[in-house]
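Peer 1: In the UniProt record's numbering, the protein residues as written are 1 to 461.
For every residue, glycine included, the Cβ atom is placed at its ideal position computed from N, Cα and C.
Structure in structure tokens, see below.
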Amino acid sequence: MTIQLFNTLKRTKEDFVPIDAKRVRMYVCGPTVYDYAHIGNARPVVVFDVLYRLLREIYGEDHVIYARNITDVDDKIIKRALDSGESISDITKRTEQAFLDDMSALGALRPDVQPRATEHIANMITMIGKLVAAGHAYVVEGHVLFGVSSYKDYGHLSGRNRDEMIAGSRVEVAPYKKDPADFVLWKPSTDDQPGWESPWGRGRPGWHIECSAMSEKHLGPTFDIHGGGQDLIFPHHENEIAQSTCAHGGSKFVNYWMHNGYLMAEGEKMSKSLGNFYTVHDLRDEFPGEAVRLTLLKTHYRQPLDFRKDGIREAKKELDDFYLALRNAGVKADVPDTVAGPVMAALGDDLNTPKAIAHLFELKTKLNAATDASQKARLKGELLLAGDLVGLLGQDPETWLRGDDKSASGLSDSDIDAMIEKRKQARANKDFATSDRVRDELAEQGILLEDGATGTTWRRQ
RNA sequence: GGCGCGGUGGCGGAGUGGCUACGCAGCGGCCUGCAAAGCCGUGUACACCGGUUCAAAUCCGGUCCGCGCCUCCA
């Protein structure tokens with residue numbers, strides 16, 4: 001099947017045609033590892049994880065290569081090390097691990113390649129060398145700068161022309177620049193800053209060059225999809241295009257550029273001073289990662305998203321209902337070969353996850369209403385398969401509903417079973433006062449009882 | 001100032017010329033000892049003002065409000 005994707009380059013939806021259907025390649029800008037990932041960092045990870053799953057479904061698991069970088073050299077990291085006293089390598093290692101843990105809690109698959117910037121310095125130096133040799137970059141005061149006037153299409157992605165940029169500039173322009181829009185490829189490091197020997201002296205890469213060098217190494221000079229947050233369109237992606245295109249003799253860099261919309265938190269622009277800067281690490285203490293994932297996917301990826309804790313609570317409730325339906329079906333899933341048509345159609349239409357999830361709800365309702373065992377098994381299988389495509393509903397329902405055994409801090413599973421047994425006796429004797437008291441006591445502990453045809457089941461709130 | 005995005009029922013959120021989105025919450029019914037869960041039913045929504053059209057939330061113009069980016073930087 002052919003899917004459609006919104007291409008920022010063209011500002012319109014287009015049919016997605018891979019360069020090589022046996023080797024579909026996508027690159028997404030990853031984190032700078034100096035602090036816990038916040039929810040704004042998580043959105044592209046989750047969104048492009050759905051795209052990755054969809055591409056694997058269509059082209060085959062072995063025919064999609066997904067690369068996401070780890071930026072482990074950056075002035076923010078240097079500053080953090082200076083402020084905290086922790087060594088740069090400790091900061092980056094610890095933060096990278098936290099990032100991977102957090103993203104996996106959100107149900108994101110590991111990319112096939114996760115290149116680190118510090119392991120690709122040689123590739124960057126080579127690329128910068130080519131740019132200098134070809135006259136696209138120049139050396140001044142220990143800096144290597146890309147000269148934007150050497151690339152006629154500069155500004156195409158972000159839809160701006162250079163005159164506007166200069167006119168609207170509110171930032172002081174470094175005096176050594178030939179053109180105010182020129183940007184740094186390589187800059188000198190002082191002795192106490194991380195640095196590498198290069199033809200231009202000891203220094204470190206500028207922000208943009210790493211993505212160009214790493215995508216070239218792992219995906220080749222031209223590849224299919226490049227993704228990231230909308231805030232990266234300018235200057236980061238614009239500069240990547242300029243660098244890569246010029247380093248490759250003018251050949252096309254990326255066919256489809258995709259950008260997710262920005263986030264707010266609790267109706268406000270996210271900011272540390274307002275205290276609404278949610279990190280995934282903190283949210284995980286309060287909510288299951290899957291509820292955070294669903295919250296992100298309930299809004300189309302290009303729409304603005306106001307991220308609220310009430311929204312996560314609602315998503316948690318919805319997941320409870322899904323897992324309840326899966327458990328209560330009481331049959332083994334009969335999983336079909338292909339994902340339900342409406343779900344594929346929704347995702348194939350520029351990743352319409354809200355619509356895909358609406359179909360998940362419809363499947364759930366059908367499953368709950370079904371009476372025939374084979375029909376239930378089929379619907380359960382359809383729901384699970386469709387859920388998997390968006391990275392949801394993959395947990396064991398009983399585990400989800402019962403949560404962790406709280407024997408240390410509260411009622412253990414066996415305590416609960418004993419009380420349910422006691423209540424069962426009371427009900428058999430029509431002693432409903434005792435029966436209801438037991439249920440209330442459990443409810444106070446957050447344990448909900450549900451009397452079904454085959455006995456009483458329970459779950460933790 | 002420049003470029004761009006968005007404003008849908010109590011809430012979240014699709015849709016984008018005529019047909020129930022979907023979900024959460026609420027209300028009514030069925031089921032239940034009572035509940036819960038589930039099923040069924042239930043909402044004169046599309047920021048405002050003009051215009052185009054047989055028909056607009058959907059197209060066009062204007063207004064208001066919210067937000068993003070504007071270069072080496074937090």
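1. Which residues in the same chain as Thr-457 place their Cβ atom closer than 6 angstroms to its Cβ, once the five residues preceding and following it in sequence are excluded?
2. Less than 8 angstroms between C-beta atoms, sequence neighbours within five positions excluded: which residues of the same chain meet that for Thr-12?
3. Should residue 462 be labelled buried (16 or more other beta-carbon atoms within 10 Å of its own) or exposed?
4. Please report how far the alpha carbon of Glu-421 lies from the alpha carbon of Val-46, in whole angstroms.
5. In three-state DSSP terms, what is Lys-187?
6. Check each candidate in Ala-325, Asp-334, Ala-345, Val-339 and name the one with the smallest Cα separation from Leu-367.
7. Determine the extent of the alpha helix (DSSP H) in which Pro-44 is found, giving its start and end residues.
8. How is the beta strand (DSSP E) around Asn-260 delimited, first residue to last?
9. Going by C-alpha distance, which of Val-64, Gly-155, His-63, Gly-30 is nearest Phe-234?
10. On the premise that Asn-123 lies in contact with Lys-269, defined as a C-beta separation below 8 angstroms, what is that separation, rounded to the nearest angstrom?
11. Let me check understanding here. Comparing Cα to Cα, which of Ser-374, Leu-384, Thr-371, Ala-370 lies closest to His-359?
12. So does the region 90 to 107 actually touch the region 286 to 299, counting three or more Cβ pairs closer than 8 angstroms?
13. To the nearest whole angstrom, what separates the beta carbons of Trp-207 and Ile-128, a pair I think is in contact under 8 angstroms?
14. Going by DSSP in three states, Thr-338 sits in which element: helix, strand or coil?
15. With a threshold of 7 angstroms on Cβ separation, who are the neighbours of Arg-302 within its own chain once the five nearest residues in sequence on each side are excluded?
16. Measure how close the beta-carbons of Ala-333 and Ala-377 come, nearest whole angstrom, since I'm counting them as under 8 angstroms.
17. With H, G and I counted as helix, E and B as strand and the rest as coil, what does DSSP make of Ala-92?
18. Here's the rule: buried if 16 or more other CB atoms are within 10 angstroms of the residue's CB, otherwise exposed. What is Asp-436?
19. Starting from Val-280, trace the alpha helix (DSSP H) in both directions and tell me its first and last residue.
20. Rounded to the nearest angstrom, how far is the Cβ of Gly-137 from that of Gly-147, given a contact under 8 angstroms?
21. May I ask you to report which of helix, strand or coil DSSP gives Val-171?
22. Using the C-alpha atoms, what's the distance from Glu-398 back to Arg-459?
23. I want to know whether the region 311 to 327 touches the region 340 to 349 - three or more CB-CB distances under 8 angstroms.
24. Kindly indicate which three-state DSSP category Gln-97 falls into: helix, strand or coil?
25. Can you tell me the Cβ-Cβ gap for Asp-35 and Thr-95, rounded? I've got them flagged as a contact below 8 angstroms.
26. Ignore the nearest five residues each way along the sequence and tell me which others in Tyr-59's own chain have a CB closer than 6 angstroms to its CB.
27. What runs of the alpha helix (DSSP H), each 4 residues or longer, lie entirely inside the region 303 to 365?
28. Go through its chain and collect everything with a Cβ distance to Glu-141's Cβ below 7 angstroms, but skip five positions before and after it.
29. Between which residues of its own chain and Lys-252 is the CB-CB distance below 8 angstroms, once the five residues before and five after are set aside?
30. Using only the alpha-carbon positions, how far apart do Arg-80 and Thr-32 sit?
31. May I ask you to report which of helix, strand or coil DSSP gives Asn-276?
32. By the 10 Å Cβ neighbour count, where 16 or more other Cβ atoms means buried, how is Met-419 classified, buried or exposed?
33. At a cut-off of 7 angstroms, is Cys-211 close to the ligand ATP when judged by its beta-carbon and the heavy atoms of the ligand?
Peer 2: So, from the data block:
1. Glu-450
2. Phe-6
3. Given that the chain is displayed from residue 1 to residue 461, the structure contains no residue 462 and the question cannot be resolved.
4. 43 angstroms
5. strand
6. In terms of CA proximity to Leu-367, Ala-325 leads the group Ala-325, Asp-334, Ala-345, Val-339.
7. 39 to 59
8. 254 to 260
9. Gly-155
10. Actually they do not touch by this definition, with Cβ atoms about 37 angstroms apart.
11. Leu-384
12. yes
13. About 13 angstroms; that fails the 8 angstroms criterion.
14. coil
15. Phe-6, Asn-260, Gly-261
16. Yes, they are in contact, since the Cβ atoms of Ala-333 and Ala-377 sit about 6 angstroms apart, within 8 angstroms.
17. The amino acid at residue 92 is misidentified as Ala; the sequence shows Thr. When secondary structure is reduced to three states using DSSP, Thr-92 falls in the helix class.
18. exposed
19. 280 to 286
20. Correcting the residue type first, residue 137 is Ala in the shown sequence and not Gly. Confirmed, about 6 angstroms.
21. Residue confidence is low: Val-171 scores 49 on pLDDT, short of 50, so the model does not pin down where it sits. Its coordinate-derived value is still stated next. Three-state result, Val-171: coil.
22. 8 angstroms
23. no
24. Three-state DSSP puts Gln-97 in a helix.
25. With 8 angstroms as the limit, Asp-35 and Thr-95 qualify as a contact, their Cβ atoms being about 7 angstroms apart.
26. Ala-21, Val-24
27. 309 to 328, 341 to 348
28. Tyr-176
29. Cβ-Cβ distances below 8 angstroms link Lys-252 to Thr-222, Thr-245 in the same chain, with the five nearest sequence neighbours on each side left out; the list follows chain order.
30. Annotation: Arg-80 to Thr-32 spans about 12 angstroms, alpha carbon to alpha carbon.
31. coil
32. buried
33. Absent from the structure shown: the ligand ATP. Ligands present: none.
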